[in-house]
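Residues in the sequence shown are numbered consecutively from 102, following my numbering. First comes the structure, then the notes that go with it.
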Amino acid sequence: MPLSRQRRFPRSRASVRAARTFVHQVLTDWGRVDRLDDIKLCASELATNALLHGVPPGRQYCVTLTLDGPLIRLSVRDTGDRPAPSPPPNPDACSGRGLHLVRELADDLGVTEHAIGKTVWVAFKSDKSESRPGTF
102 MPLSRQRRFP RSRASVRAAR TFVHQVLTDW GRVDRLDDIK LCASELATNA LLHGVPPGRQ
162 YCVTLTLDGP LIRLSVRDTG DRPAPSPPPN PDACSGRGLH LVRELADDLG VTEHAIGKTV
222 WVAFKSDKSE SRPGTF
């Protein structure tokens, strides 16, 4: 049976750090730290995108982690009406590379549109036998 943990975050810049901390705590609790840095970076990028493009003022976004065998799925759901950005990054732009970076780090990526909002999710293959130096 898959494990799942979920938390809602307010529409604020500080929530990106809180989302990263949540991801760190959950993956550490599950003993799945072999992809921790990649997953935390993706959590930061997806949370930032939710804030900039998906969460209307006064609303929240939701971060969900699911562990199903060797797969870790990170999902960020917003309540906005803007579709997920899909164009490749402009090489001359100062921003717009986050989703491209997420695509490179994750083993799979997708978007689920809802009546209100969307969920952007990424999946990672995890090898529980790997451990990170300095962890138990």
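Backbone N, C-alpha and C fix where the C-beta goes; we use that ideal spot for every residue, glycine too. Treat the numbers as computed from the prediction; the structure is a model and nothing was measured.
query                                                                                                                                               : result
Which of the three DSSP states, helix, strand or coil, is assigned to SER145?                                                                       : helix
Apart from the five residues just before and just after VAL165, which ones in its own chain have a Cβ nearer than 6 Å to its Cβ?                    : It is Thr, not Val, that sits at residue 165 in the sequence shown. Only GLN107, SER176 meet the Cβ criterion.
Between which two residues does the beta strand (DSSP E) holding THR165 run?                                                                        : 161-169
Does the Cβ of GLY229 have 16 or more other Cβ atoms within 10 Å, making it buried, or fewer, making it exposed?                                    : Per the sequence shown, the amino acid found at residue 229 is Lys instead of Gly. Exposed: under 16 other Cβ atoms inside 10 Å.
In chain order, what residues of the same chain lie with their CB nearer than 6 Å to the CB of ALA120, ignoring the 5 residues before and after it? : PHE110, ALA144, ALA148, VAL164
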